[in-house]
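Contents: one structure, followed by commentary.
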Amino acid sequence: MVWRAGSLLASRHDRLADFVSPKVVSLEFGEYWGKFGAMLKVTELDQIAHARLADAQALLEAGRYDGAVYICGYAVEIALKARICKTLSWPGYPSTRPEFQDLQSFRTHNLDVLLRVSGVEENIKTKAFAEWSAVVAWDPEARYNPVGSAPPEHAKLMVESAQALLEVL
Numbered sequence: 161m162v163w164r165a166g167s168l169l170a171s172r173h174d175r176l177a178d179f180v181s182p183k184v185v186s187l188e189f190g191e192y193w194g195k196f197g198a199m200l201k202v203t204e205l206d207q208i209a210h211a212r213l214a215d216a217q218a219l220l221e222a223g224r225y226d227g228a229v230y231i232c233g234y235a236v237e238i239a240l241k242a243r244i245c246k247t248l249s250w251p252g253y254p255s256t257r258p259e260f261q262d263l264q265s266f267r268t269h270n271l272d273v274l275l276r277v278s279g280v281e282e283n284i285k286t287k288a289f290a291e292w293s294a295v296v297a298w299d300p301e302a303r304y305n306p307v308g309s310a311p312p313e314h315a316k317l318m319v320e321s322a323q324a325l326l327e328v329l
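Heads up, my numbering is the position in the sequence shown plus 160, with the first residue counted as 1.
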């Protein structure tokens with residue numbers, strides 16, 4: 161399978177060439193991905209996303225609201241990365257610096273960017289807009305927020321929204 165710039169995401173008004181270098185776009189799948197072994201497989205990403213959601217639920221139930229919100233964001237991020245792999249027919253998501261060579265746009269925690277390249281942006285923003293709106297502002301820098309920053313109702317909304325999004329993704 162040869163990638164063609166713009167062909168995979170053109171119908172969604174996105175161009176693959178905006179995110180992947182022309183060098184990678186022109187390579188056969190096996191030629192590029194075959195040299196990497198540490199890549200996280202799609203099944204592993206799905207398992208990790210659901211495990212992080214379970215962690216967030218446990219933290220919520222234990223009254224650890226800051227932790228629930230923080231971990232919840234990672235559940236959505238990882239689920240989006242699994243969706244990107246499915247959309248682009250990738251065997252897995254890059255996880256090491258060398259694997260991200262020529263794929264720097266994919267090395268992000270920004271949920272908006274990940275949704276854009278996932279191929280399901282329109283579906284999510286149409287069918288799960290409220291849930292998306294509840295999680296999109298998540299930032300891994302929240303780990304530095306003072307203890308008690310996340311009120312219980314925000315943590316509950318975040319966990320419920322993440323759960324709904326994981327079902328759609």
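Glycine included, every Cβ here is placed at the ideal spot set by N, Cα and C. All values derive from a computational prediction rather than experimental measurement.
From this set, 308, 305, 216, 291, which residue's C-alpha is nearest residue 329's C-alpha? Looking up residue 329 in the sequence shown gives position 169. Closest by alpha carbon: 291.
Ends of the alpha helix (DSSP H) at residue 347? There is no way to answer for residue 347, as the model of the chain reaches only from 161 to 329.
So, residue 312 versus residue 225, is the Cβ gap smaller than 8 Å? Counting from 1 along the sequence shown, the entry for residue 312 is found at position 152. Counting from 1 along the sequence shown, the entry for residue 225 is found at position 65. Taking 8 Å as the Cβ cut-off, residue 312 and residue 225 qualify as a contacting pair.
Suppose the cutoff is 7 Å on Cβ atoms and the five residues either side in sequence are ignored; what does the same chain contact list for residue 235 look like? For this step, residue 235 is matched to residue 75 along the sequence shown. Answer for residue 235: 209, 212, 213, 216, 322, 326, listed in chain order.
Beta-carbon within less than 7 Å of residue 187's beta-carbon, same chain only, minus the 5 sequence neighbours each way: which residues are those? The residue you call residue 187 lines up with position 27 of the sequence shown. Below a pLDDT of 50, predicted positions are generally treated as unreliable, and residue 187, at 39, falls in that range; the measurement from the model is reported next regardless. Excluding sequence neighbours, residue 187 sits near nothing in its chain.
Near residue 303, what residues of its chain come up, given a Cβ to Cβ distance below 7 Å and the 5 sequence neighbours on each side ignored? Here residue 303 corresponds to residue number 143 of the sequence shown, with the count starting at 1. So the qualifying residues of the chain are 230.
Run the CB neighbour count on residue 295, radius 10 Å, all protein chains shown included, and call it buried at 16 or more, exposed below. Here residue 295 refers to the residue found at position 135 when the sequence shown is read from its first residue. With 16 or more other Cβ atoms within 10 Å, it is buried.
Rounded straight-line distance, which links the Cα of residue 308 to that of residue 248: The count along the sequence shown starts at 1 and reaches residue 248 at position 88. The count along the sequence shown starts at 1 and reaches residue 308 at position 148. Straight-line Cα distance between these residues: approximately 40 Å.
List the DSSP bridge partners of residue 201. The residue given as residue 201 occupies position 41 in the sequence shown. Beta-bridge pairing links residue 201 to 252.
Exposed unless 16 or more other CB atoms sit within 10 angstroms - verdict on residue 218: To locate residue 218, count along the sequence shown from 1; it is residue 58. Residue 218 comes out exposed.
Apart from the five residues just before and just after residue 285, which ones in its own chain have a Cβ nearer than 7 Å to its Cβ? As a first step, residue 285 must be located in the sequence shown, where it is residue number 125. These residues qualify, in order along the chain: 292.
Leaving out the 5 sequence neighbours to the left and right, which residues in its chain are closer than 8 Å to residue 299 when beta-carbon positions are compared? The residue you call residue 299 lines up with position 139 of the sequence shown. Answer for residue 299: 233, 269, listed in chain order.
Could you tell me the boundaries of the alpha helix (DSSP H) in which residue 276 lies? Locating residue 276 in the sequence shown gives position 116, counting from the first residue. Residue 276 -> alpha helix (DSSP H) spans 271–278.
Cβ neighbour criterion (16 or more within 10 Å) applied to residue 206: Counting from one through the sequence shown, the residue named residue 206 turns up at place 46. Classification for residue 206: buried.
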